[in-house]
Amino acid sequence: MAAETSTTCPRCGTRLHGSFLGNICPRCMLEGAGTWDERPESALPDPAAELSEGWQVGARVGDYELIDVLGRGGMAVVYLARQISLDRLVALKTISAPLAADAHGQERFRREARAIAQLEHPRIVSIHDIGTSAGALYYTMDYIAGSDLGRAMQTRAIPIAEAASIVQKVAEAVAHANDREVLHRDLKPGNILIDEANEPHVTDFGIALDAVSAASLTLTGDVMGTPPYMAPEALAGGQRKSSPASEVYALGAILFHLLTGRTPFLGGSPSEILHLALTVPPPSPRVLNSAVPRDLETICLKCLEKEAKSRYQTAAALAEDLRRFLAGEEIRGRPILPPVRLARWVRRHPA
């Protein structure tokens, strides 16, 4: 038998064996930003490299001095910057060159800034300023020193009570946004920043839609979001099918990941995850981790119900049940009994 090949994932350093498909580990593939690109990170386009010299580290952009690159993706680059007039650190996000030249990309970036600007909540990263420099749009926001939840999950085991508390606080922030008709639409561990006091903050409303935007903007057929955390209706019908109940599903998927170390449905493509999300129930968190309390499993699985009407209808309702769980009170969610679950399966799979 041929010897098994082995290398390391270029994103997280995990050892890869010949049984793994692609050039990155399954966890990083499932944590991806919905692009499902298996090229090594060094082979991916660097938006920072596409920007003019005015956007290199050390340059001055308006009232801001660029200190370091905090993150990059296909759409944008986020810098650590110093606001010179106030002598404070901020995060500065700028649109990548290809999107800067595209009217839809510019509108999407402005829409993100508008969405954040109308939200004032201690668990949502606040926006400070928006402008244009060296031919590119940018906006500045709070700089959260720390890490994102995805990286935190890779470096330490998060206790069950802490996991429930994180999701409760994030759910309160999401409820604030939803009450103002803003859907995040890409809730995932990588979009939750954990500060030095271990408090969560929701960031990256890059594909958020409000009621007006949903009616006026045309989206492509691409999956916008991160499939392992997307509700079945969002995966199947596009983000226009998203609702507050879809946000609840994403929060449940994050809670599931925190409790079990994996996402509810493992698949190598959006279509495979969609098939699983539509046809099979998620695994029991208690089967994957026997330390998970029954009430917390009930809350988690209620979030992950396939039919939106069977979930918590709002993030606020989810946050309240998590508060009750953490306080040792009786939760309002009830486990779905096997006969009811079977009847629902039959309705989805008529003869």
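Heads up: the sequence shown at position 241 corresponds to 245 in the working numbering, and the numbers run straight through without jumps.
In this text, a Cβ means the ideal position worked out from N, Cα and C, and glycines have one as well.
{"Asked": "Could you give the DSSP three-state label for S250: helix, strand or coil?", "Found": "helix"}
{"Asked": "Which class does L153 belong to by DSSP, given the choice of helix, strand or coil?", "Found": "helix"}
{"Asked": "In or out: R298 buried (at least 16 other Cβ within 10 Å) or exposed?", "Found": "exposed"}
{"Asked": "So the candidates are S288, S273, K306, G256; which of them puts its Cα closest to the Cα of A168?", "Found": "G256"}
{"Asked": "State buried or exposed for Q172, treating a residue as buried only when at least 16 other CB atoms are found within 10 Å of its CB.", "Found": "buried"}
{"Asked": "By Cβ distance, which residues of its chain are closer than 7 Å to V73, with the 5 residues on each side in sequence left out?", "Found": "A52, V61, V81, Y83"}
{"Asked": "Tell me whether H279 sits in a helix, a strand or coil according to DSSP, three-state version.", "Found": "helix"}
{"Asked": "Helix, strand or coil for Q87? Go by DSSP, reduced to three states.", "Found": "strand"}
{"Asked": "Which partner residues of A140 appear in the DSSP bridge assignment?", "Found": "S137"}
{"Asked": "Using the Cβ count rule (16 or more neighbours within 10 Å means buried), how would you classify R338?", "Found": "exposed"}
{"Asked": "According to DSSP, is Y3 helix, strand or coil?", "Found": "No answer is possible for residue 3: the residues shown for the chain start at 5 and end at 355."}
{"Asked": "Does the distance from the CB of V296 to the CB of P286 come in under 7 Å?", "Found": "no"}
{"Asked": "Residue range of the beta strand (DSSP E) that H205 falls in?", "Found": "204-206"}
{"Asked": "Please report the straight-line C-alpha distance between R336 and L330, rounded to a whole angstrom.", "Found": "13 Å"}
{"Asked": "Cβ atoms of N195 and D208: under 7 Å apart, would you say?", "Found": "yes"}
{"Asked": "Assuming K192 and Y233 are in contact, meaning their beta carbons sit under 8 Å apart, how far apart are those beta carbons, in whole angstroms?", "Found": "5 Å"}
{"Asked": "Under the three-state reduction of DSSP, which class applies to T98: helix, strand or coil?", "Found": "strand"}
{"Asked": "Would you grab the beta carbon distance between D133 and L197 for me? Rounded to a whole angstrom, and I think it's under 8 Å.", "Found": "D133 to L197, Cβ: 19 Å. No contact."}
{"Asked": "Around the C-beta of V216, are 16 or more other C-beta atoms found within 10 angstroms, so that it is buried, or is it exposed?", "Found": "Low confidence applies here, because V216 scores a pLDDT of 41, under 50, leaving its location unreliable and the question unanswered by this model."}
{"Asked": "May I ask you to report which of helix, strand or coil DSSP gives H132?", "Found": "strand"}
{"Asked": "Between M157, Y147, D106, which has its C-alpha nearest T267's C-alpha?", "Found": "M157"}
{"Asked": "Whose CA, out of P236, N202, H261, lies closest to the CA of G150?", "Found": "N202"}
{"Asked": "Please check the pair S246 and L187, which I expect to be a contact at CB under 8 Å, by giving their CB distance rounded to whole angstroms.", "Found": "5 Å"}
{"Asked": "In whole angstroms, what separates the C-alpha of E309 from that of R315?", "Found": "6 Å"}
{"Asked": "Is H205 buried or exposed, if buried means 16 or more other CB atoms sit within 10 Å of its CB?", "Found": "buried"}
{"Asked": "What do you get for I277, buried or exposed, if any count of 16 or more other CB atoms within 10 angstroms of its CB means buried?", "Found": "buried"}
{"Asked": "Roughly how far, in whole angstroms, is the beta-carbon of A177 from the beta-carbon of I128, given that I think they are within contact range, below 8 Å?", "Found": "5 Å"}
{"Asked": "Have a look at V252, Y147, C304 and flag the residue whose alpha-carbon is nearest the alpha-carbon of R92.", "Found": "Y147"}
{"Asked": "What residue does the beta strand (DSSP E) around D299 start on, and which one ends it?", "Found": "Where D299 is concerned, there is no enclosing beta strand (DSSP E), although the alpha helix (DSSP H) it sits in stretches over 298-307."}
{"Asked": "Does R64 pass the burial test, meaning 16 or more other C-beta atoms within 10 Å, or should it be called exposed?", "Found": "exposed"}
{"Asked": "Of the residues A138, Q317, E166, which one's Cα is nearest the Cα of R327?", "Found": "E166"}
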